[in-house]
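Numbering (the UniProt record's numbering), first residue to last: 1 to 161.
Beta carbons: idealized from backbone N, C-alpha and C, even for Gly.
All values derive from a computational prediction rather than experimental measurement.
So this is what it looks like as structure tokens:
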């Protein structure tokens, strides 16, 4: 930055997004062990107190980071006209977009699971929140077309991809 350039301070949503993006990068590159307030603050070009004011614990910061990243995930359902086609397309998308991400989270969050008692299912819920999942749309259309029996669509079936 030159002598005549004025530094701009990020605030509010802009600052929070920058922190959570930096936290996501830190988590995916260094895992939970490297996911520290100091490392995230440095990457976000802010201070630890700024982080602590928003998230008092590392677990709180992690959960906010996962929620923030999940908000940008596309969970829309393909509509190929058949249950089989929809499921194959959805599974291919899931494999292309999320499988590496989910493996990374599962592998790198062992310490978090031990510390917090959380499960991979809890992390999935954080990631996707209350978003209607694509599988719900796929299965609802299959029921409407007579391809699926609604009585057999258990919660386990609805969480496939």
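Residue i classed as buried or exposed, judged by whether at least 16 other C-beta atoms fall within 10 angstroms
i	result
residue 144	exposed
residue 96	exposed
residue 19	buried
residue 151	exposed
residue 88	exposed
residue 92	exposed
residue 134	buried
residue 157	exposed
Cβ separation of residue i and residue j, assumed to be a contact under 8 Å, to the nearest whole Å
i	j	result
residue 37	residue 53	No, residue 37 and residue 53 are not in contact; Cβ-Cβ is about 11 Å, not under 8 Å.
residue 116	residue 32	10 Å between Cβ atoms; not a contact.
residue 15	residue 35	Rounded, the Cβ-Cβ distance is 19 Å, inconsistent with contact.
residue 79	residue 141	7 Å
residue 65	residue 17	Wrong, their Cβ atoms sit about 11 Å apart, outside the cutoff.
Bounding residues of the alpha helix (DSSP H) (the contiguous stretch that carries residue i)
i	result
residue 114	110-116
residue 49	48-54
residue 28	12-30
residue 65	58-71
residue 142	134-144
residue 82	First-last for residue 82: undefined, no H or E at that position.
residue 120	120-128
residue 156	155-158
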